[in-house]
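In our numbering, the protein residues as written are 4 to 251.
Cβ coordinates follow ideal geometry from the N, Cα and C atoms, glycine included.
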Amino acid sequence: MSEEQKIRVVIADDQELVRAGFAMVISSQPDMAVAAQARDGAEAVALAETLHPDVVLMDVRMPGMDGIEATRQISALQHRFAADGTQSEVTHTKVIILTTFDLDEYVMAAITAGASGFLLKDTEPETLLNSIRTVFQGNAIIAPSATKRLIEKMMEGDFMAANVGAHGNSAAASTFDSTYTDPELDELTDREREVLIEIAHGLSNQEIADKLFISLPTVKTHVAHILSKINARDRVQAVVFAYENHLV
4 MSEEQKIRVV IADDQELVRA GFAMVISSQP DMAVAAQARD GAEAVALAET
54 LHPDVVLMDV RMPGMDGIEA TRQISALQHR FAADGTQSEV THTKVIILTT
104 FDLDEYVMAA ITAGASGFLL KDTEPETLLN SIRTVFQGNA IIAPSATKRL
154 IEKMMEGDFM AANVGAHGNS AAASTFDSTY TDPELDELTD REREVLIEIA
204 HGLSNQEIAD KLFISLPTVK THVAHILSKI NARDRVQAVV FAYENHLV
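#1: Considering only C-alpha positions, which residue in the set P128, V21 and V13 is nearest to Q40?
#2: Using 10 angstroms around the beta-carbon of H225, count the other beta-carbons present and answer buried if the total reaches 16, otherwise exposed.
#3: With L123 and T102 assumed to form a contact (beta carbons below 8 angstroms), what rounded beta-carbon distance in angstroms separates them?
#4: For T130, which of helix, strand or coil comes out of DSSP?
#5: Residues in its own chain within less than 7 angstroms of A241 by CB, not counting five upstream and five downstream?
#6: With DSSP run on the structure shown, which of helix, strand or coil describes F139?
#7: Can the beta-carbon of A116 be found closer than 9 angstroms to that of E46?
#8: Do you know offhand how far A245's Cα is from F139's?
#9: Can you find the residues in the same chain that come closer than 7 angstroms, C-beta to C-beta, to D213, ignoring five residues on each side of it along the sequence?
#10: Does DSSP put T53 in a helix, a strand or coil?
#11: Give the secondary structure of V226 by DSSP, where H, G and I count as helix, E and B as strand, and everything else as coil.
#12: Do you know offhand how far E187's Cα is from R196's?
#13: Any idea if S119 is buried or exposed, counting beta-carbon neighbours within 10 angstroms, 16 or more meaning buried?
#14: I'd like to know whether the C-beta atoms of V58 and R11 end up nearer to each other than 9 angstroms.
#15: Exposed or buried, what is F216 when buried is set at 16 or more other beta-carbons lying within 10 Å of its beta-carbon?
#16: Report yes if the CB atom of I100 is closer than 9 angstroms to the CB atom of V239, and no otherwise.
#17: So, using beta-carbon positions, are M68 and Q81 closer together than 9 angstroms?
#18: Hey, how far is the Cα of Q8 from the Cα of I145?
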């Protein structure tokens, strides 16, 4: 595999030993390469803007600009590139938040900032590598330990009340209303709603295909249409949308 075909990863962490450890794991893979390393959030943003990596592994707690703010700025870069007409020239950089602390506020802040993944630093190397591949393919990953609590908070309304809607809807977020539904919901076909519900239940594309008796390419097409119609960046935001709109 040529260097151009590999998943290019930037590692952002203020601890050199941590960066070196992740770099060793990533460099051992034939389909990945370490594009650069950053010591803080500001450096990570600068590298994302100049190198356009595929994935950034982002620590939460760093001096100066923290990982959450850096993630927010990297996500904003994509919108800026789209606005000035150069989006075709850049890679849609995905961010995986890595932290020692399994705290709800970190998970929620990471999602609202635009992260595609949230993992603990003690994650097994194989899980980390598979997570990089997962977000590179346009999907999302959240540490299992955080998923159940996140869903519970969504159902309680805490997530929406405390944060601007992750898919961009501030109306539903500023004051949680159990009767409110987004106008975008009406744009979904019945089949797209079915697929969205299964996404919210945590099913993979293949599992959705098996359950609904449709082909995998058809599921992928439905997912792409869903994300576009509800203005969601990824499956994590689609899950938030589904819970906000009482589909699950």
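Working from what's here:
#1: Counting from one through the sequence shown, the residue named residue 40 turns up at place 37. Among P128, V21 and V13, the Cα nearest to that of Q40 is on V13.
#2: Residue 225 sits at position 222 when you count from the first residue of the sequence shown. Buried.
#3: Translated into the one-based positions of the sequence shown, residue 123 becomes position 120. Translated into the one-based positions of the sequence shown, residue 102 becomes position 99. Contact holds; Cβ gap of about 7 angstroms.
#4: The residue given as residue 130 occupies position 127 in the sequence shown. Assignment of T130 by DSSP, reduced to helix, strand and coil, places it in the helix class.
#5: The residue labelled residue 241 in the question sits at position 238 within the sequence shown. Correct list, in chain order: L199, I202, I229, L230, I233 and A235.
#6: Position 136 of the sequence shown, counting from 1, holds the residue named residue 139. If DSSP states are grouped into helix, strand and coil, F139 belongs with the helices.
#7: Walking along the sequence shown from the start, residue 116 turns up at place 113. Walking along the sequence shown from the start, residue 46 turns up at place 43. For A116 and E46, no; Cβs fall outside 9 angstroms.
#8: Mapped onto the sequence shown, residue 245 falls at position 242. Mapped onto the sequence shown, residue 139 falls at position 136. Near 23 angstroms, if we compare the C-alpha coordinates of F139 and A245.
#9: One-based indexing of the sequence shown puts residue 213 at position 210. Contacts found: none.
#10: The count along the sequence shown starts at 1 and reaches residue 53 at position 50. T53 falls in the helix class under three-state DSSP.
#11: Here residue 226 corresponds to residue number 223 of the sequence shown, with the count starting at 1. The answer is helix: DSSP assigns V226 an H, G or I state.
#12: If you number the sequence shown from 1, residue 187 lands on position 184. If you number the sequence shown from 1, residue 196 lands on position 193. Here the alpha carbon of E187 sits roughly 11 angstroms from the alpha carbon of R196.
#13: Within the sequence shown, residue 119 is the residue found at index 116, counting from 1. Under a 10 Å Cβ-count criterion, S119 is classified as buried, with 16 or more other Cβ atoms of the shown protein chains found around its own Cβ.
#14: The residue labelled residue 58 in the question sits at position 55 within the sequence shown. The residue labelled residue 11 in the question sits at position 8 within the sequence shown. Remark: C-beta atoms of V58 and R11 approach each other more closely than 9 angstroms.
#15: The residue you call residue 216 lines up with position 213 of the sequence shown. With fewer than 16 Cβ atoms within 10 Å of its Cβ, F216 is classed as exposed.
#16: Here residue 100 is taken as the residue at index 97 of the sequence shown, counted from 1. Here residue 239 is taken as the residue at index 236 of the sequence shown, counted from 1. It is not a contact, given that the beta carbons lie outside the stated cut-off.
#17: On the sequence shown, residue 68 is found 65 positions in, with the first residue counted as 1. On the sequence shown, residue 81 is found 78 positions in, with the first residue counted as 1. No, the pair does not count as a contact, with Cβ atoms beyond the cut-off.
#18: Taking the first residue of the sequence shown as 1, we reach residue 8 at position 5. Taking the first residue of the sequence shown as 1, we reach residue 145 at position 142. Approximately 26 angstroms between the Cα atoms of the pair.
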